[in-house]
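A.B. asks: Residues 77 to 634 (my numbering) make up the sequence shown, in order.
We treat Cβ as the ideally placed atom computed from N, Cα and C, and that holds for glycine.
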Amino acid sequence: MSDVSPTRIDPSLAKTATRLARVGLAGLVLLPPLLWSAAIVMVEQHKAIGQDAPNSHWLGLDMFEWWSISAVALTSVAITLSLWVFVIQRPVHALHKAERRMRVLDKRDALTGLPNRAGLNLALELALARWRGTTRKVGVLVLDVDRFRLVNDSLGAGAGDQLLRSVASRIRALVRDADVVARIGADQFAVQVAGITGVAALDVMARNLLRTFEAAHDLGGHATVTSLSIGVAVQAETAETADGADALLQCAELAMREAKAAGGSCSRVFDASMRVGDNRRLELDQQLRRALREGEFVLVYQPIMDASGERIVATEALLRWADPQRGMMSPAEFIPVLEQTGLIVEVGGWVLRDACRQGAKWFARGARSLVVSVNVSPRQFADTGFLASVKSTLTETRFPGHLLQLEVTEGLLLDPSPETLRKIGELVVCGVRFAIDDFGMGYSSLAYLKTFPLQTLKIDRMFVKDIALQPRDAAIARAIVDLGHGLGMKVTAEGVETAEQFALLRSLGCDSLQGYLFSRPLPVAQMQELLDRPDAPDPDPEARPGETHREPGLIIPA
Ligand code: C2E
Ligand code: MG
Ligand code: MG
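#1: Should Gln-268 be labelled buried (16 or more other beta-carbon atoms within 10 Å of its own) or exposed?
#2: When you compare the CB positions of Ala-551 and Glu-576, do they come within less than 7 Å of one another, or not?
#3: Is the beta carbon of Glu-290 sitting closer than 7 Å to the one on Val-218?
#4: Measuring straight from C-alpha to C-alpha, what distance separates Pro-130 and Ala-124?
#5: Between which two residues does the alpha helix (DSSP H) containing His-293 stretch?
#6: Opposite Gln-577 in the DSSP bridges: which residues?
#7: State the Cα-Cα distance for the pair Ile-306 and Ile-500, rounded to the nearest angstrom.
#8: Would you list the residues sitting across from Thr-300 in a DSSP beta bridge?
#9: Using the rule of at least 16 other Cβ atoms within 10 Å of the residue's Cβ for burial, across every protein chain shown, is Glu-141 buried or exposed?
#10: Give the single residue among Val-214, Gly-232, Arg-184 whose Cα lies nearest to the Cα of Ser-493.
#11: Determine the direct distance from the alpha carbon of Arg-387 to that of Val-540, and round the result to whole angstroms.
#12: Give the single residue among Met-538, Trp-438, Gly-560, Gln-546 whose Cα lies nearest to the Cα of Leu-530.
#13: Using alpha carbons as the reference points, say which of Asn-284, Glu-201, Arg-223, Ala-331 lies closest to Val-256.
#14: CB-CB under 7 Å to Met-77, same chain, minus the five flanking residues each way: which ones, in chain order?
#15: Heavy atom of ligand 3 less than 6 Å from the Cβ of Glu-502, yes or no?
#16: Hey, is Tyr-377 close to ligand 1, as in C-beta under 6 Å from one of its heavy atoms?
#17: For ligand 3, enumerate in chain order all residues having a CB closer than 6 Å to any of its heavy atoms.
#18: Could you tell me the alpha carbon to alpha carbon distance between Phe-224 and Val-161, rounded to whole angstroms?
#19: Smallest Cα separation from Gly-236: which of Ala-262, Ala-205, Arg-582?
#20: My understanding is that Val-600 touches Gln-434, with C-beta atoms under 8 Å, so please give their C-beta distance in whole angstroms.
#21: Where does Ser-152 sit, in a helix, a strand or coil, going by DSSP?
#22: According to DSSP, which residues form a beta bridge with Tyr-377?
#23: Quick check: what's the CA-CA separation for His-478 versus Gln-604?
#24: Please report the straight-line C-alpha distance between Ala-337 and Asp-347, rounded to a whole angstrom.
#25: Ala-398: which of Leu-375, Ala-258, Ile-260 sits nearest, CA to CA?
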């Protein structure tokens, strides 16, 4: 494996080379007259001792004088040339090389020792100049570490740094020595590959990189698997637009974002249509800020049923964006942008307030045990104001803390920072419950489960989807139910769409179920109607004596 840190050029070396070059230059100027004077002296001495050759007195010089002068002149030319090559040309050339290298290396990232974005730009400019006018091209791969923030948030900044160093080494080990590897953003790397004939070479490289990342990184005893989203761009493919280093890099970044949007762990080659997508993303960010200001976000609520499928025990608040132009937008389309820009902290705060306000209204109308479940993104949880914001929301809205459930992802709980532990601990004291959303899709470590007083595991709908067809999925679901129950937790199955899935999950012992079979996410008014039905959701039989129960399966059309 090659070393990540490139060797540093000693600045004193460059100074020595400059001095040598000056001495060489002085020599070049002074030596010919010196040698010439030596020749004249020799001839004069020759004449003085009276060795006069009888023939060829051309220009007053005899043959011997001619030979002497020619020999000295030739020697002077030879010495001059050698001086030029060995004393001046070589150090000056070396100096230029060293200077160019220093200019690249001085623009380095302190954590990995790799060139940073400015260093890569410079290297790209040099490479583009070097291969200009030839059939060979310069290409760039931009690599983004998928879910890096999750590792950073859950394992701490130290582990994050360790992961970045490990990623850098892995990339460096896979590319050629001549390729430039740079760190161009927090969790973004780039590889410059010069002298290639086309994109095929980069495609192979991208695939090899993706394969290399299937193996786990050892972060101080924690085996952590990360994947990459890779964008590829080649000078030829970006001919009209990418004549400079910046533009080429931009194209590779656009392609990388396409790979990310496709779910990560894949690569995409740049094509011109991607520019449209990028502009759209920028536009989206602006529109989302406006949406928050203008109140265009709304919450819909999806009922969560008890094991019989008859009674609503909870409801999950799910975010929607009522865009005036495009209509109702699904969170899958805009939550990644909110996460990227950090706007999720503000939007998440709004979600929490709105859900608690609504929960308090339902509570006041008699739904005394209806749990309201709210999704919390890792970035929102990590925010320093998160704990205070949950507490003040509960106080302001008067929603009982024990009816609020926060859905967090596994990444947050895996070897958490003391800060995460403190936040969870304080919220649990307030009665707030925690559910692990999409359980089974994240990490292989289960050790964190014994650390926290968590209430619920939500089986990811990926395992529910084929549960009736795939015995392996059924086995995983069973294992999750047993694990949850073994730890004194409740288990909710998500994405229940068919009666068959429902029957199976019930037989496995799931405590509650959520999915289109029971209800799609509903606007407040419709959720209200469901709650107002005589059979749901009041859990307190004393409160409504004599009421009859509905038939199982609360199936509500989309
Ligand atoms: P999630 O928390 O796992 O939410 C469940 C998602 O599954 C919802 O998608 C829901 O509509 C969908 N779903 C429910 N039942 C079924 C079913 O039977 N079949 C299928 N195919 N899907 C079903 P939705 O509303 O599009 O939300 C997607 C994800 O967006 C959520 O996944 C959650 O991770 C995120 N999200 C939604 N609202 C918020 C929010 O307010 N804050 C944060 N941070 N994330 C949110
Ligand atoms: Mg959820
Ligand atoms: Mg989920």
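C.D. replies: According to the data block:
#1: Per the 10 Å Cβ criterion, buried.
#2: No, the Cβ-Cβ distance between Ala-551 and Glu-576 is not below 7 Å.
#3: At least 7 Å separates the beta-carbon of Glu-290 from that of Val-218.
#4: Model confidence at Pro-130 stands at a pLDDT of 49, short of 50, so the residue's coordinates are unreliable; what they give is reported in the following sentence. In this structure, the straight-line span from the alpha carbon of Pro-130 to that of Ala-124 is close to 16 Å.
#5: Annotation: His-293 is outside any alpha helix (DSSP H); the continuous beta strand (DSSP E) that includes it extends over 293–295.
#6: Checking the DSSP bridge columns, you'll see Gln-577 has no partner listed.
#7: Put simply, the backbone Cα of Ile-306 is about 35 Å away from that of Ile-500.
#8: Partner(s): His-293.
#9: So Glu-141 counts as buried.
#10: Considering only Val-214, Gly-232, Arg-184, the residue with the shortest C-alpha distance to Ser-493 is Gly-232.
#11: Straight-line measurement puts the Cα of Arg-387 at about 21 Å from the Cα of Val-540.
#12: Nearest option by C-alpha distance: Gly-560.
#13: Put simply, of Asn-284, Glu-201, Arg-223, Ala-331 the residue whose alpha carbon is nearest the alpha carbon of Val-256 is Glu-201.
#14: Its pLDDT being 35, under 50, Met-77 is placed unreliably in this model, and the coordinates cannot settle the point.
#15: No.
#16: Not so, every heavy atom of ligand 1 lies at least 6 Å from the Cβ.
#17: Going by the Cβ distance cut-off, the answer is Asp-513, Asp-514, Lys-534, Glu-570.
#18: So the alpha carbons of these two residues sit roughly 52 Å apart.
#19: Comparing Cα positions, the closest option is Ala-262.
#20: So it is a contact: roughly 6 Å between Cβ atoms.
#21: In the structure shown, Ser-152 falls within a helical segment according to DSSP collapsed to helix, strand and coil.
#22: Partner(s): Ala-393, Leu-598.
#23: Their backbone Cα atoms lie some 21 Å apart in a straight line.
#24: Distance between the alpha carbons of Ala-337 and Asp-347 is about 15 Å.
#25: Cα-wise, what sits closest to Ala-398 is Leu-375.
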